[in-house]
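Engineer: This structure is in structure tokens; I'll ask about it shortly.
In the numbering used here, the protein residues as written are -14 to 154.
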């Protein structure tokens, strides 16, 4: 991938964002750290205090089954529609929720900087899930400056490794 001189390069995951400027040229990037943001985000199990709740419900909306003519407990055409259902309520994944919020905040920061004309060209490197969440929040000014995306998790890699991954993409 060609990385234009002075391009803004974001390397992010769900809790860390590294902002670089390419001080090199398009073929030989020289990324310089401009800003870094890291947010603590413990594992989901460490953020929860209780098990998921449970619910009982019937599709008819009342606790008693409907009785059709003839004394049968089956409504015309399908008695199973009034059967009670029991199950656990869906658990909230607090860790993922926090990662999604961080991605939305990062996209908002990209928007502010684009509107302030702080960059002309943008390259984003993020894991597929984070990249998808960022895309949901791209402003048109961010999208218009987007020169490329790389779906990889490189936040824990050295700057030379990030430069190599960009050149190879």
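Where a beta carbon is used, it is the ideal one built from N, C-alpha and C, also for glycine.
Quick check: the Cα distance between residue 151 and residue 135, rounded to an integer number of angstroms?
Structural biologist: Residue 151 and residue 135: Cα-Cα distance of roughly 8 Å.
Engineer: Along the chain, where does the alpha helix (DSSP H) containing residue 133 start, and where does it finish?
Structural biologist: Per DSSP, residue 133 belongs to no alpha helix (DSSP H); it is in the beta strand (DSSP E), 131 to 136.
Engineer: Looking at chain C, is there any beta carbon in it that lies within less than 9 Å of the beta carbon of residue 110?
Structural biologist: Judged by its chain identifiers, the structure shown contains no chain C, having just a single protein chain.
Engineer: By the three-class DSSP mapping on this structure, what secondary structure does residue 102 have?
Structural biologist: Coil, per DSSP.
Engineer: So what does DSSP say about residue 139, is it helix, strand or coil?
Structural biologist: It is coil, neither helix nor strand.
Engineer: In whole angstroms, what separates the C-alpha of residue 3 from that of residue 138?
Structural biologist: So the two alpha carbons sit approximately 12 Å from each other.
Engineer: Do residue 156 and residue 118 have their C-beta atoms within less than 9 Å of each other?
Structural biologist: Outside the shown range of the chain, which is -14 to 154, sits residue 156, and nothing can be said about it.
Engineer: Counting C-beta neighbours from all protein chains within 10 Å, is the total for residue 141 16 or more, i.e. buried, or is it exposed?
Structural biologist: The residue in question, residue 141, is exposed, as its Cβ has fewer than 16 Cβ neighbours within 10 Å.
Engineer: Return the CA-CA distance between residue -13 and residue 18, expressed in angstroms with no decimal places.
Structural biologist: So the two alpha carbons sit approximately 19 Å from each other.
Engineer: Could you spell out where the beta strand (DSSP E) holding residue 1 opens and where it closes?
Structural biologist: Its beta strand (DSSP E) spans residues 1 to 7.
Engineer: Grab the span of the beta strand (DSSP E) containing residue -12 for me, first residue to last.
Structural biologist: First-last for residue -12: undefined, no H or E at that position.
Engineer: Just verifying my parser: in three-state terms, what is the DSSP assignment at residue 81?
Structural biologist: Here residue 81 sits in helix by DSSP.
Engineer: For residue 146 and residue -3, I'd like the C-alpha separation in whole angstroms.
Structural biologist: Approximately 15 Å, taken between the alpha carbons.
Engineer: Our contact map puts residue 86 next to residue 106 with C-beta atoms below 8 Å; I'd like the distance itself, whole angstroms only.
Structural biologist: That pair is no contact at about 27 Å.
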